[in-house]
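Input: a single structure, listed below in C-alpha cells.
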Amino acid sequence: MSEEAIRLVTIGRIFRRRWRLLAIVAVTGALFGFGVSLLFPPKYTASASVLLPGQWEERELLTQAEIATSSAVVDRAAATLRWKGVSGGELRGQVSAKASDGNIIKISGTAESPRRAQQLSDRMAEQFVGFAARIAGDDKESDAATGPEALRQKVTETNRRISDLADAADPGQTVESVQARTELEKLRTALQEAMKKLDESDRATDKAGMVVMGPAARPTSEAPPTRTQFVVAGALLFFLVAVIGHLAAARSNRRLRGEAEIASALRSAVLGTVDVPGDRTAQRPRSGGSRTRIRQVLGLDTQWDLPAPRRSGDEAGRQIRYRRVCARLREKLLAPRRLLVVVPDGDEIARRAADQLVAEAKGDPMLRVVDVSVERPTVPDRDTESGAVVVLSAGSWTAGELGGIAEACADGRHEVVGVVVAGAVQDRPARSAGRPAPSAAPALATRGQATGGSG
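Its first residue numbered 136, the sequence shown is counted upward by one per residue in our numbering.
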C-alpha cells in the first residue's frame with residue numbers, strides 16, 4: 136500500500152472513531168468565528184468608474200490608478216465629505232483603484248454603511264477627475280507660449296512670412312537670394328515643429344477630458360469577510376487543527392505494540408498471545424465519574440489509531456491459546472506453583488484475559504490477579520507466590536510505564552516469569568438453527584461455558 140493510501144486510511148479512521156469530538160470541535164470553532172466577527176463591524180464596498188478617452192498605454196493607466204488613491208485626491212474627498220472624526224489618512228485605507236479594460240479606472244470605497252460607501256466612491260471619482268483636469272490646466276498656464284491658440288497663431292504668422300519672402304526672393308544666384316531661401320527653409324522647419332507641438336497638445340487635451348460613468352451603485356451585501364465567512368472559517372480551522380493534532384499524536388505515539396518491544400520493556404519473555412472476544416469498547420475503564428462519562432461521549436476512552444479487531448475463531452481455538460500459556464507456566468515453575476497475575480489498571484482487555492487465564496489454569500498453577508496503577512505502580516509483597524506474570528494488551532502502554540511495573544514487581548520481590556499479550560477480536564455470529572455444527576463443537580462449547588462459569 137502506498138504512503139498516500141496509508142494517510143487516507145488513517146484520516147478515515149480518525150473520522151470514524153472521533154467524529155463526535157470533531158463535530159464538537161467544529162461547533163466550537165464556529166462559535167469562535169462568530170465571536171471574532173463581533174469585533175469587526177460589517178463593511179460595505181461601492182465602486183465608481185471613470186472613463187479615460189483617447190489612447191492610453193498600460194503603464195499610463197497604472198499611473199492614473201495610483202493618482203486616484205493619492206493623498207492629494209483622498210484629502211480633497213475627505214474635505215468634501217466632512218465626516219466627523221474621519222481624516223484623509225484614515226480614508227486612505229478604505230479606498231482602492233484599479234485599471235480595467237476599455238481605459239476605465241474603477242475606484243472603490245469601503246465604509247460601515249451602504250450609504251457612506253456610495254458617497255465615498257462618488258466623491259473619490261469626482262475629486263480624481265477634478266485633480267486630473269487641474270493638472271492639465273496648470274500645464275497650460277505655465278507654458279502659455281506653447282498652448283494650442285498660440286501655436287495656431289504662430290503657424291499663421293509663419294505661413295504669411297513665408298509667402299512674403301517667396302514673393303520677394305530673387306530667383307537668381309546672388310547672395311541676397313541665397314540668404315532669402317535659407318531663411319525660408321528655417322521658417323518652414325519652425326512651422327513643422329509648431330504643428331507637431333500642436334498635435335501633441337491636442338492629444339493631451341483629449342486625455343485630460345475624463346468622465347465619471349454615473350454614480351456608484353449602493354451595495355446590498357456586506358464586503359468580505361462576512362460574518363458567515365468568519366463562522367465557516369472558524370469551524371474549518373478548528374476541524375483541521377483537530378485532525379492534524381490526531382496525526383501528530385499518532386506520529387509521536389510511544390505505546391508499544393510489538394511482542395519483542397513489550398518483552399524488552401518488562402525484561403522477560405512472551406509466553407503467548409490470547410484473544411478476548413469484544414470490540415474496542417473493551418478498552419474503556421471500568422471506573423465511573425463525570426470525567427469518564429465525558430470521555431466516553433467524546434470517544435476519548437478508546438484508542439483511535441489501533442487497527443480494527445480481527446475476526447475471532449471459535450471458542451475452542453481461543454481456549455487452546457490459554458491452555459498453552461498455562462502449560463508453559465507449569466514448565467517454568469517448580470511445585471508449589473503460585474503466581475501473581477499483574478494487570479495494568481484500566482486495561483479491561485487484559486483484565487478479562489487474566490480472568491480467563493485463571494479459569495483455564497484450574498488451580499495449577501494457582502493464580503491471583505492484582506490490578507496495578509501505571510502512574511504509581513505498587514505490587515503486593517511476596518508471600519507464597521513464586522513469581523509474577525504480566526498480562527496486558529498491545530498498543531496501550533509505553534516502555535516507561537511497563538518499566539515502572541517491572542520495577543514494582545522487583546520491589547515486591549517478584550520475578551517476572553513471563554508476559555501474556557491480549558488482543559480484542561470480533562466474535563463470530565451465532566450459528567443458525569438450520570446449520571448444525573460439527574460433532575466435536577458441542578462438547579468443546581459446553582466445556583468452554585463451564586470453564587467460563589468457574590472463572
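Quick reminder that beta carbons are idealized off the backbone N, C-alpha and C, glycines included.
Please say whether residue j and residue i have beta carbons closer to each other than 8 Å?
i, j, result
"ARG459", "VAL411", "no"
"ILE242", "MET259", "yes"
"ARG392", "SER172", "no"
"LEU464", "SER521", "no"
"VAL554", "LEU401", "yes"
"MET348", "LEU187", "no"
"GLY114", "SER256", "Residue 114 falls outside the range modelled here, since the chain spans only 136 to 590, and no answer is possible."
"VAL78", "GLN288", "Absent from the structure is residue 78, since the part of the chain shown begins at 136 and ends at 590."
"ALA634", "VAL551", "Nothing about residue 634 can be read from this structure; the chain reaches only from 136 to 590."
"SER528", "GLY498", "no"
"VAL543", "PRO512", "Checking the displayed sequence, the identity of residue 543 turns out to be Ala instead of Val. Yes, Cβ-Cβ distance for ALA543 and PRO512 is below 8 Å."
"ALA377", "LEU156", "yes"
"GLU247", "LYS178", "yes"
"GLY228", "ALA213", "no"
"VAL290", "VAL185", "no"
"ARG472", "THR408", "no"
"LEU469", "PRO500", "no"
"ASN238", "LEU197", "no"
"PHE266", "ARG211", "yes"
Between which residues of its own chain and residue i is the CB-CB distance below 6 Å, once the five residues before and five after are set aside?
i, result
"THR204", "VAL230, ALA232"
"ALA370", "ALA161, GLY164, ALA165"
"LEU406", "VAL460, ARG463, GLY553, VAL555"
"ALA280", "Bear in mind that a pLDDT of 48 at ALA280, under 50, signals an unreliable position, so the number given afterwards is only what the model happens to contain. Around ALA280: no qualifying Cβ."
"PHE168", "The amino acid occupying residue 168 in the given sequence is Gly; Phe does not appear at that position. Excluding sequence neighbours, GLY168 sits near PHE365, VAL366, ALA368, GLY369."
"ARG453", "ASP410"
"ALA496", "CYS461, LEU502"
"GLN199", "ILE240"
"LEU537", "ALA400, LEU401"
Specify the secondary structure class of residue i as computed by DSSP and reduced to three states.
i, result
"VAL555", "strand"
"LYS497", "coil"
"THR317", "helix"
"LEU474", "strand"
"SER403", "coil"
"LYS219", "coil"
"THR245", "strand"
"ALA268", "helix"
"ARG353", "coil"
"LEU527", "strand"
"VAL230", "strand"
"VAL411", "strand"
"ASP490", "helix"
"ASP518", "coil"
"THR361", "coil"
"VAL460", "helix"
"SER298", "helix"
"LEU502", "strand"
"SER387", "coil"
"VAL509", "coil"
"SER277", "Reliability of the predicted coordinates at SER277 is poor, the pLDDT of 49 falling under 50, and no value is obtained from them."
Ignore the nearest five residues each way along the sequence and tell me which others in residue i's own chain have a CB closer than 7 Å to its CB.
i, result
"GLY535", "none"
"GLY253", "Residue identity check: residue 253 is Gln in the sequence provided, not Gly. Cβ within range, chain order: ALA181, ALA351, ARG353."
"LEU322", "THR293, ARG296, ILE297"
"HIS549", "LEU475, VAL514, ARG517, GLU520, GLY522, ALA523"
"TRP532", "ARG390, LEU391, PRO479, VAL509"
"ILE379", "none"
"GLY547", "VAL514, PRO515, ASP516, ARG517"
"ALA325", "THR293"
Which residues in the same chain have their Cβ closer than 8 Å to the Cβ of residue i, if we skip the five residues on either side of it in sequence?
i, result
"VAL313", "none"
"ALA404", "ALA398, GLY553, VAL554"
"LEU143", "none"
"ARG250", "ARG353"
"VAL507", "VAL477, VAL478, PRO479, ASP480, THR513, VAL514, ILE540, ALA543"
Under 7 Å from any heavy atom of the ligand HEM, does the C-beta of residue i make it?
i, result
"VAL144", "No copy of the ligand HEM appears in this structure; indeed no ligand is present at all."
Uninterrupted alpha helix (DSSP H) stretches inside the segment 137-214 (no shorter than 4 residues): For the segment 137-214, whole alpha helix (DSSP H) runs of length 4 or above, ordered along the chain, are 138-152, 154-174, 193-203.
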